[in-house]
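Undergrad: Counting in the working numbering, the sequence shown runs without a single skipped number right up to 446 at its last residue.
The beta carbon of each residue, even a glycine, is placed where N, CA and C say it ideally should be.
Nothing here was measured: the structure is a model prediction, and the numbers come from that model.
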Amino acid sequence: LLPLAIAALAVPASAQTVANSFEVQPVGSAFVGGLAYDSTTDHIWVADSTSDLISEYDRNGVLIQSIAAGSTTVIGVAVDPASNSLWVADENENCYEYDRTTGLATGFSFSVTAAITDLSSAAFDTDTGTLWFSQDSGVRVAAEFDTAGTLLQTIDLTGAGAIDPDGLAFYTVTNTLFLGEDTADRAVEVDLSGNLLNSWTVTDPVWGIVSPEGLGIDTVNGKLYIGDGFVTRRVYEVDGIVAAGPAGPSLSLNCGVPGQVTADFTNFTAGGPIAVAYGAASSYTHSGNICNGIMLDLTPAAQPVVLFADGAGNASLTRPTGACGSGALVQ
Numbered sequence: 116l117l118p119l120a121i122a123a124l125a126v127p128a129s130a131q132t133v134a135n136s137f138e139v140q141p142v143g144s145a146f147v148g149g150l151a152y153d154s155t156t157d158h159i160w161v162a163d164s165t166s167d168l169i170s171e172y173d174r175n176g177v178l179i180q181s182i183a184a185g186s187t188t189v190i191g192v193a194v195d196p197a198s199n200s201l202w203v204a205d206e207n208e209n210c211y212e213y214d215r216t217t218g219l220a221t222g223f224s225f226s227v228t229a230a231i232t233d234l235s236s237a238a239f240d241t242d243t244g245t246l247w248f249s250q251d252s253g254v255r256v257a258a259e260f261d262t263a264g265t266l267l268q269t270i271d272l273t274g275a276g277a278i279d280p281d282g283l284a285f286y287t288v289t290n291t292l293f294l295g296e297d298t299a300d301r302a303v304e305v306d307l308s309g310n311l312l313n314s315w316t317v318t319d320p321v322w323g324i325v326s327p328e329g330l331g332i333d334t335v336n337g338k339l340y341i342g343d344g345f346v347t348r349r350v351y352e353v354d355g356i357v358a359a360g361p362a363g364p365s366l367s368l369n370c371g372v373p374g375q376v377t378a379d380f381t382n383f384t385a386g387g388p389i390a391v392a393y394g395a396a397s398s399y400t401h402s403g404n405i406c407n408g409i410m411l412d413l414t415p416a417a418q419p420v421v422l423f424a425d426g427a428g429n430a431s432l433t434r435p436t437g438a439c440g441s442g443a444l445v446q
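(1) Hey, quick one: how far does the beta strand (DSSP E) through C210 stretch, first residue to last?
(2) Taking the DSSP output, what are the residues bridged to L368?
(3) Runs of 3 residues minimum, wholly inside the stretch 277–357: which ones carry the beta strand (DSSP E) assignment?
(4) Which one or two residues does DSSP pair with F248 in a beta bridge?
(5) With 16 as the cutoff for other CB atoms within 10 Å, does R348 come out buried or exposed?
(6) How is the beta strand (DSSP E) around V447 delimited, first residue to last?
(7) Measuring alpha carbon to alpha carbon, tell me which of E138, V192, I190 and S181 ends up nearest N175.
(8) Excluding the 5 residues flanking L119 on each side, which residues of the same chain have their C-beta closer than 6 Å to its C-beta?
(9) What separation, rounded to the nearest whole angstrom, lies between the Cα atoms of R301 and A263?
(10) So A145 packs on G331, CB below 8 Å; how close in whole Å?
(11) Please name the residue, chosen from G149, D153 and Q140, that lies closest to N336 on a Cα-to-Cα basis.
(12) Return the first residue and the last residue of the beta strand (DSSP E) that T269 is part of.
(13) On the CB-based measure, 16 or more other CB atoms within 10 Å of its CB, does D157 come out buried or exposed?
(14) Compare the Cα-Cα distances from V256 to each of G309, D412, F293 and P320 and report the closest residue.
(15) List, from N- to C-terminal side, the alpha helix (DSSP H) runs of 4 residues or more that fit wholly inside the stretch 174–202.
(16) Measuring only the C-alpha atoms, how far is L272 from S252?
(17) Using CA atoms only, rank isn't needed, just tell me which of Q268, A299, G387 and E304 is closest to A284.
(18) Skipping 5 residues on each side, what residues in its chain have a beta carbon closer than 8 Å to that of A385?
(19) Apply the 10 Å Cβ neighbour rule to I159 and answer buried if 16 or more other Cβ atoms are within range, or exposed otherwise.
(20) Could you pull out every unbroken alpha helix (DSSP H) segment of at least 4 residues lying fully inside the stretch 396–428, listed in chain order?
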């Protein structure tokens, strides 16, 4: 595997540029041991191993909140954007669940020692709803767990060469892992078989070479966030390494014909089903064999209309309605 990894690196990586950076608080003493990007708020979460704080920042470095972790030597943080869960990993090889809004521990935790004996980082895969952890001593591995703490798989990283995976992020666009190495001062990308795909050394024009201890990926804007442990104690927003993901599904309404409204659906699964409900503003939980259990901001409605997207992922639905702007909603 190693000759293949070396051959892959013969193709130059894309150019990288540091778009922005900010210092992590407490200034001068924080150790940026873990990092996660929160797509629901466009914020960055940082695990400070010195103060055992989990802090939330906006992309400009404005501190939003800090949570005092109940564990010691926190080394990783991961965000589940589909829930309110914040996952915090420590060097005792444990992972704890917190409420992102209240900052309180839920009381649930699990050990990763089924695969990891020297936990160094944590990440969340939004496609599968699972957690990833890495080990940076002994045999280098990455391991996937479900949120109940069950080990799903372990990946041997030794085929990627001598790497030191202190930082970790899951890149959903390509289903690959990004690892941060503070020993070699580089970020690397590996596939889920542990093969090395690419490597980058990131240099800031003011602060010099960035030493990655924590990683987070913003797939909407194509940003790699790197937390530099204790060298500069900063978070760097880097362009040119990860690409923006494909646009998600969207809905727009057209009221061009009096007495009618047309709902246009774009970027859905090609040929796939789209369930559509419409009514006045209210709230109810739908029951039925389509989208059972989903809560809608509509009056109780009949079974949703089901459309099928065309080959480009688009569809339209026209229905009679009152004057546009009268409060009719489509979901």
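TA: According to the data block:
(1) N209 to D214
(2) A378
(3) 282–286, 291–296, 301–305, 311–315, 327–333, 338–343 and 349–354
(4) A237 and A258
(5) buried
(6) Residue 447 is absent from the structure shown; the chain starts at 116 and stops at 446.
(7) E138
(8) Residue placement at L119 cannot be trusted, given a pLDDT of 30 that sits under 50; what the coordinates show is reported in the next sentence. Excluding residues within five positions, none has a Cβ falling inside 6 Å.
(9) 32 Å
(10) Between G331 and A145 the Cβ distance is about 16 Å, and since that is not below 8 Å, they are no contact.
(11) Looking from the CA of N336, the closest CA among G149, D153 and Q140 belongs to D153.
(12) L266 to D271 is the extent of the beta strand (DSSP E) around T269.
(13) When all chains shown are included, D157 counts as exposed.
(14) G309
(15) none
(16) 11 Å
(17) E304
(18) A424, D425, G426, A427 and G428
(19) buried
(20) Look at the stretch 396–428 and you find no whole run of alpha helix (DSSP H) that is 4 residues long or longer.
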